[in-house]
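Student: Structure in structure tokens, see below.
Residue numbers (my numbering): 4 to 200.
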């Protein structure tokens, strides 16, 4: 709007205007409201109905294939998000054969993983999928099973990636030599990873 069209209001005081039905009605009325909204929204000037299918159910064509990490994401992000998805979903987490088959596409034979820890677990750098599985993966999941993860930073190029995440879980097993409190409390785990492909 042009400032001269604002009447007695300054640019900071222009009252907000409520949007009419489509989004508000559909949210308030559920699927029936969405179907009705779509029917009303598709009526021509003569009141003739052009489509009776709800807009949400009409076929759409994807502009770009959705890859792990999002459409058009860099290669390293696709690899890391694909691998992390299997870890987060706890796919066969303690059964080597199906787990390794699911994870194999994301790992190289000479993959090196550095894990910072304290305590008697007696590992830090692991090489390859089996060593990582028997090192950090099994120990971590036994101590803090069913952790639920949320990324809040994902950044990548085709050859590097980083993520900052947090996990919410109940601490039920020994973690690096430290037993859980008897109450098995809910814990928040902070995670910061760096990857080079």
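Don't be surprised by glycine CBs; every beta carbon is placed ideally from N, CA and C.
1) Indicate whether the contact test is met: 3 or more Cβ pairs, each with one atom in the region 188 to 195 and one in the region 158 to 176, closer than 8 Å.
2) Would DSSP call residue 180 helix, strand or coil?
3) Taking only three categories from DSSP, how would you classify residue 160?
4) To the nearest angstrom, how far is it from the Cα of residue 78 to the Cα of residue 147?
5) If you follow the alpha helix (DSSP H) that residue 80 is in, where does it begin and where does it stop?
6) Of the residues 184, 151 and 178, which one's Cα is nearest the Cα of residue 168?
7) Looking only at C-alpha atoms, which of 149, 137 and 183 sits nearest to residue 100?
8) In chain order, what residues of the same chain have a beta carbon less than 6 Å from the beta carbon of residue 199, not counting five sequence neighbours either side?
9) Going by C-alpha to C-alpha distance, which of 153, 197, 119 and 142 sits closest to residue 96?
10) If you draw a straight line from the alpha carbon of residue 184 to that of residue 140, how long is it in whole angstroms?
11) Given that a residue counts as buried once 16 or more other Cβ atoms are within 10 Å of its Cβ, and exposed if not, what is residue 54?
12) Sorted by chain position, which residues of the same chain lie with C-beta nearer than 6 Å to residue 94's C-beta, five sequence neighbours on each side aside?
13) Apart from the five residues just before and just after residue 193, which ones in its own chain have a Cβ nearer than 6 Å to its Cβ?
14) Nearest to residue 98 by alpha carbon, out of 75, 115, 145 and 159?
15) Quick one: residues in its chain with C-beta nearer than 6 Å to the C-beta of residue 102, no 5 flanking neighbours on either side, listed in chain order?
16) Select from 154, 181, 176 and 182 the residue whose C-alpha is nearest the C-alpha of residue 84.
17) Does residue 128 pass the burial test, meaning 16 or more other C-beta atoms within 10 Å, or should it be called exposed?
18) Give every residue of the same chain whose Cβ lies closer than 8 Å to the Cβ of residue 81, excluding the five residues on either side of it in the sequence, and list them in chain order.
19) Whole angstroms are fine: how far does the CA of residue 135 sit from the CA of residue 179?
20) Helix, strand or coil: how does DSSP classify residue 150 here?
Tutor: With the structure as the only source:
1) In short, these stretches touch, since the Cβ pair count reaches three.
2) Indexing the chain shown from 1 puts residue 180 at position 177. DSSP, reduced to helix, strand and coil, places residue 180 outside both helices and strands of the structure shown, so it counts as coil.
3) For the purposes of this step, residue 160 is taken as the residue at position 157 of the chain shown. Looking at residue 160 - three-state DSSP - the assignment turns out to be coil, as it is neither helix nor strand.
4) For the purposes of this step, residue 78 is taken as residue 75 along the chain shown, with counting starting at 1. For the purposes of this step, residue 147 is taken as residue 144 along the chain shown, with counting starting at 1. C-alpha of residue 78 to C-alpha of residue 147: approximately 30 Å in a straight line.
5) Residue 80 sits at position 77 when you count from the first residue of the chain shown. That run of the alpha helix (DSSP H) goes 78 to 91.
6) One-based indexing of the chain shown puts residue 168 at position 165. Among 184, 151 and 178, the Cα nearest to that of residue 168 is on 151.
7) Locating residue 100 in the chain shown gives position 97, counting from the first residue. Looking at the Cα atoms, 137 is the closest of the given residues.
8) The residue given as residue 199 occupies position 196 in the chain shown. For residue 199, where only same-chain residues beyond five positions count, the Cβ hits under 6 Å are 163.
9) For the purposes of this step, residue 96 is taken as residue 93 along the chain shown, with counting starting at 1. Ranking 153, 197, 119 and 142 by Cα distance to residue 96 puts 142 first.
10) Translated into the one-based positions of the chain shown, residue 184 becomes position 181. Translated into the one-based positions of the chain shown, residue 140 becomes position 137. Rounded to whole angstroms, the gap between the alpha carbons of residue 184 and residue 140 is 22 Å.
11) Counted from its first residue, the chain shown places residue 54 at position 51. For residue 54, the predicted model reports a pLDDT of 49, less than 50, meaning its position is unreliable; a value from the coordinates is still stated below. The residue in question, residue 54, is exposed, as its Cβ has fewer than 16 Cβ neighbours within 10 Å.
12) Position 91 of the chain shown, counted from the start, is the residue given in the question as residue 94. Hits under 6 Å: 105.
13) In the chain shown, counting from the first residue as 1, residue 193 sits at position 190. Sequence-distant partners of residue 193 (beyond 5 residues in either direction) whose C-beta falls short of 6 Å from its own C-beta, in its chain, are 169.
14) Indexing the chain shown from 1 puts residue 98 at position 95. Of the listed residues, the one whose Cα sits closest to residue 98 is 145.
15) Against the chain shown, residue 102 aligns to sequence position 99. The residues are 95.
16) For the purposes of this step, residue 84 is taken as the residue at position 81 of the chain shown. Closest by C-alpha distance to residue 84, out of 154, 181, 176 and 182, is 154.
17) Taking the first residue of the chain shown as position 1, residue 128 is located at position 125. Exposed, because fewer than 16 other Cβ atoms sit within 10 Å of the Cβ of residue 128.
18) One-based indexing of the chain shown puts residue 81 at position 78. Counting only Cβ-Cβ distances below 8 Å, and skipping sequence neighbours, we find 70, 71 and 72.
19) Looking up residue 179 in the chain shown gives position 176. Looking up residue 135 in the chain shown gives position 132. Their backbone Cα atoms lie some 15 Å apart in a straight line.
20) In the chain shown, the residue the question calls residue 150 occupies position 147. In the structure shown, residue 150 sits in coil (DSSP, three-state: anything other than H, G, I, E or B).
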